[in-house]
Each structure stands twice: as C-alpha cells, then as structure tokens.
Amino acid sequence: MKAGKRKVKRESSRVSALLLCLALLTGCSPFSGVTVPTTQTAEDTLPPEEDIRNLISVGFSQLGAESAWRIANTESIRGALTKEDGFYLLSDNARQKKENQIKAIRSYISQRVDYIVFAPVTEEGWETVLQEAQIAGIPVIAIDRSIELSSRHLLTSWIGEDMRQEGEKAGLWLEDYLKECGRQDDPINIVVLQGTQGSSAQLGRTIGFDSIADRHDNWNILEQRDADFTTAKGGEVMETFLKKYHDIDVVVSQNDDMTAGALEAMDRAGITTGEGGVTVLSFDSTRAGLQLLKDGRINVDIECNPLSGPLLADVIHRIENGEEIEERYYMTENVFTADNVDRYIGHRAY
Ligand code: GZL
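If you read the sequence shown in the working numbering, its first letter stands for residue 34, the second for the next number, and so on.
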C-alpha cells in the first residue's frame, strides 16, 4: 500500500464491544495503563438505534467558538455532515478546554458512534483517549490543528492546514514589502500577537515566520505574546506592547480576531496602520479580515481555510466504501493583499 495511503476497516462491533467489556470489567485495556471510563456526558446523545439505522453516526468535538474562523469551521462541518448526506452528527463545543474535548470523545466512545472527529485545541495529551477509541474500534479523524502522537495509527486521517507554511508566507511577504519600500536594510521592530499557546496554529505560524526573520539581522522581534486568538485578548496585549515599546514598525497577528482588537488599541493611541503607518500582517482571511485589507487598515492577510466539511464527508464516505484514503489532506490557501482582495471579498464563504 502506498506510503501515506491507508485502507481503514472499522472493527466489527462485536469484537470491539468484547474489547470494551474486557476493559470495563478489568478497569484496564490491552494497552498498559489505559482505562476506559464508564460514564461521560456530552451535549448531544444518539437517538434510539432504529432512528439512525442507515446513517453514519459521527461524534464531533469542536475546540471552541473563539473566532470567526472557528465558527466558519463548525458551520462547514455541520453543513456537510447532514442526514441528507447519510450522517447523524453529534457535536460539542469544548470552550477551548482540552479536558472538555476528552470528556466529549469519551462520551462518543461510550455511545459507540461510528466515527469521532475532533479539532485538537493543542498538540499534546491525546494519546490515552485515542487509544481508548482504538480499543473501541472507532476511527478518529483530526481536523484543522495537528497533534503529537507516538503512533500515527491512532489517527485514521487528518484534514487541516500547513501552519508553518502560513508563517513562512507572512515572512516572505514582509521581505518583499520592505524591499519595495526601500527599507530592506532599515532596523525593523516587530511585535507578535500569538494564538493559543501550544496549538499547532501558534507553533507553526511562529516557527514559519521566525525562519524568515532569522535571515534578517535588522529585523528585531521585540516580543511575542499569547493573545489566545480572541479580539479581547488581542486588544489587551496590544495595549501592553504600546506601553512598553514606542517604535513598533510591524505587528504580526496570528488571526483576524486578534488583529481587530489590536487595531482598536492602536486607534485609541492615535497610531495609523497600513500604508504609511504601522505595517500589520494578519492570518485567516475571514471576510472581516479582507474588509480591513480593503479599507487599508492592514497590509496582508494569510489565508487559513476553515471549509473542511465537504472533504471530511468525502473521506468518511470513502472509508465506508472500503476505498484507500490519505493520512493527511491539506486545504488550499491564498495570500491576500490590496492588489487581489477585490477579486475575492464579494463571494467570501466565511
Ligand atoms: C487555524 C485555526 C486557528 C485560526 C484561529 O487552523 O486553528 O484557530 O487561525 C482559530 O482563528 O481560533
């Protein structure tokens, strides 16, 4: 079988139920140290078997609703995994807390859903619960963010975005921009609003941008600070930066929601942004972010595509049909500037 491709055979429910009973009776599983809890709660629960007999039941743990991007991602999943398309979808909002995601996943395991889908809030700490899902014979698909795992067999597939490449795109854009302005040799003071610490979005964008910044001795990253992908925190952190540093040339904000908060803080301080002011780089390319671009408030928006619902539905259908699937699927992504924003903003899906 070609590397990176995988044929997934969902274990017969009898075998996995036997494993699960063994785990419940002995309090541990064939995997050392893994215990399968008996009762969990979730926002949604499966209806009686006869009501969903011909549907594919999917338990979806969404990490939160912290940003416009996240809400678009949730809507894309819900819009694709419909009864009309053969699915019964359970979903849970973890409010950006890993323990809530783990609780929801365990609830889906105990309800014996056909598939589990989750957007992991951070990269670490998923080993045990994914082993529990494996014992139960339930395929797990991760979306959006990446996770650290000892065995790639704990995940059936992953559908997401190349965050490190997004960070590199931002650095490369800044290189070109400074050249165009004749400032390639000037000292450039940079502050960074980071997303949720330990998330692959924060880690990837940081590593990617830093890999370009390291090529420029005249780029001075004054500080990088967590603003948790929210507008409120973005404003608070930008206020702090403005009090600490009086010669900021560039703001790198790892999502449009934090960018909105940062712009409000700079407005309050009487600081202009965009062409002729502080250069602002943002990520996500939501409709609101592209509007800021169109209004000249920011200089560039690096797209991160949340619309993974249709691809997720297709991957699950392929598994059901016994077809090979990829271990990783990457969403297509663009870079938006004043030069191309008008071509896209009118029909933005999110
Ligand atoms: C990126 C996604 C990030 C977005 C933020 O794939 O995980 O989380 O950039 C969202 O807007 O909160």
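We put the beta carbon where it would ideally sit given N, CA and C, even for glycine.
query                                                                                                                             : result
Separation of residue 317 from residue 108, as counted between CA atoms                                                           : 16 Å
Close-in-space but distant-in-sequence residues of the same chain around residue 59 (CB under 8 Å, 5 per side omitted)            : Low confidence applies here, because residue 59 scores a pLDDT of 42, under 50, leaving its location unreliable; read the following figure in that light. For residue 59, where only same-chain residues beyond five positions count, there are no Cβ hits under 8 Å.
Buried versus exposed, by CB contacts within 10 Å (16 or more), residue 220                                                       : exposed
Beta strand (DSSP E) segment containing residue 286, residue limits                                                               : 283-286
Beta-ladder partner(s) of residue 93, from DSSP                                                                                   : 124 and 150
Residue from 344, 113, 84 and 319 whose Cα sits closest to the Cα of residue 361                                                  : 344
Residue from 309, 263, 135 and 162 with nearest C-alpha to residue 283                                                            : 309
Beta strand (DSSP E) segment containing residue 213, residue limits                                                               : That residue, residue 213, is in no beta strand (DSSP E); its alpha helix (DSSP H) goes 196-213.
Where residue 181 sits in the DSSP three-state scheme                                                                             : coil
Bridge-paired residues (DSSP) for residue 190                                                                                     : 174
The region 232-245 in contact with the region 270-280 per 3-pair CB rule at 8 Å                                                   : no
Residues bridged to residue 315 (per DSSP)                                                                                        : 286 and 334
Residue 337 classed as buried or exposed, judged by whether at least 16 other C-beta atoms fall within 10 angstroms               : buried
Beta-carbon contacts of residue 266 that lie in its chain and below 6 Å, excluding the five residues immediately before and after : 260
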